[in-house]
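Working notes, structure below.
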Amino acid sequence: MSTYGARILVFAKAPVPGACKTRLIPALGAEGAARLAETLLRETLERVASARLAPIELWCAPDATHPVFSALAERVGLQLETQRGSDLGARMQTATAGALVTSERAVLIGTDCPALDADYLRQALSALNNQPAVLGPADDGGYVLLGLRRDAAPALPALFASMPWGSDRIAAITRARMREAHVDWVELPSLADIDRPEDVAQVSFR
């Protein structure tokens with residue numbers, strides 16, 4: 001495994017029908033949306049694990065007890081954690097702050113971006129050699145990756161609190177808040193993620 005001094009934090013919801021990928025339910029149905037969520041989760045973890053870039057933490061919601069989580073943890077070798085916090089931002093802040101206590105760098109990703117591959121992760125980790133943050137924007141205005149060095153930890157509340165999660169302004173607000181906090185960053189190429197019915201047709205899975 002490479003020695004980037006980092007941890008990769010993967011955020012995921014349990015693939016429970018009706019509780020995940022809810023914006024895709026009108027097109028796929030609750031069962032279909034849950035199957036897609038499980039596929040995205042599995043393929044994301046396989047890509048990240050096969051790259052052998054850093055230890056992986058899978059941050060699970062509502063908790064880590066779903067059998068898919070435990071099966072994947074055993075299969076690819078990762079640490080299971082339960083998301084903790086009042087909203088997504090609080091949960092992301094908790095995970096990132098904890099990782100930066102024990103590691104010099106933390107890279108936070110979700111499971112919605114099939115284009116986020118080993119090379120993209122490698123670029124993100126390498127970028128943190130030069131700047132305290134790295135942002136991987138999504139085509140829809142969100143982001144697919146946020147990486148931070150330990151020296152950026154004081155900015156965590158600004159980056160995660162009171163964010164309109166799910167809107168098309170997340171990346172723009174994150175950039176503005178990094179500027180306000182005097183955190184320089186490297187910006188990676190924008191990638192497509194899967195949030196809407198029209199996104200599904202653009203991607204094929206194994």
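Counted the way the UniProt record's numbering counts, the sequence shown spans residues 1 to 206.
For glycine and all other residues, C-beta sits at the position ideal for the given N, C-alpha and C.
Computed from a predicted model, the values in this text were never measured in an experiment.
Using the DSSP secondary-structure output, state which residues sit across from residue i in a beta bridge.
| i | result |
| --- | --- |
| W185 | A133 |
| residue 283 | There is simply no residue 283 to check, as the chain begins at 1 and stops at 206 in what is shown. |
| L156 | Answer by DSSP bridge pairing: none, since L156 is not bridged. |
| L191 | A138 |
| T82 | C60 |
| R149 | R105 |
Taking all protein chains shown into account, decide if residue i is buried (16 or more other Cβ within 10 angstroms of its Cβ) or exposed.
| i | result |
| --- | --- |
| A138 | buried |
| W59 | buried |
| R84 | exposed |
| Q93 | buried |
| H182 | exposed |
| W185 | buried |
| E180 | exposed |
| G29 | exposed |
Which value, in whole angstroms, describes the spacing of the CA atoms of residue i and residue j?
| i | j | result |
| --- | --- | --- |
| R196 | T22 | 9 Å |
| T39 | A153 | 33 Å |
| P26 | R75 | 32 Å |
| G142 | L191 | 10 Å |
| A37 | A115 | 15 Å |
Closest to residue i by C-alpha separation, out of the options, would be which residue?
| i | options | result |
| --- | --- | --- |
| D140 | P55, L148, L108, C113 | C113 |
| P189 | P132, G136, L159 | G136 |
| P55 | Y143, R150, S167, L108 | L108 |
| N130 | L116, D119, G147, G142 | G147 |
| R7 | K13, L28, E57 | E57 |
| G5 | A158, G18, S126 | S126 |
| A124 | P17, E187, S70, A99 | E187 |
| L72 | V10, G32, R150, L100 | V10 |
Whole runs of the beta strand (DSSP E) within the stretch 89 to 139, excluding any shorter than 3 residues = 105 to 109, 133 to 137
Runs of alpha helix (DSSP H) wholly within the stretch 5 to 51 (minimum 4 residues, chain order) = 25 to 51
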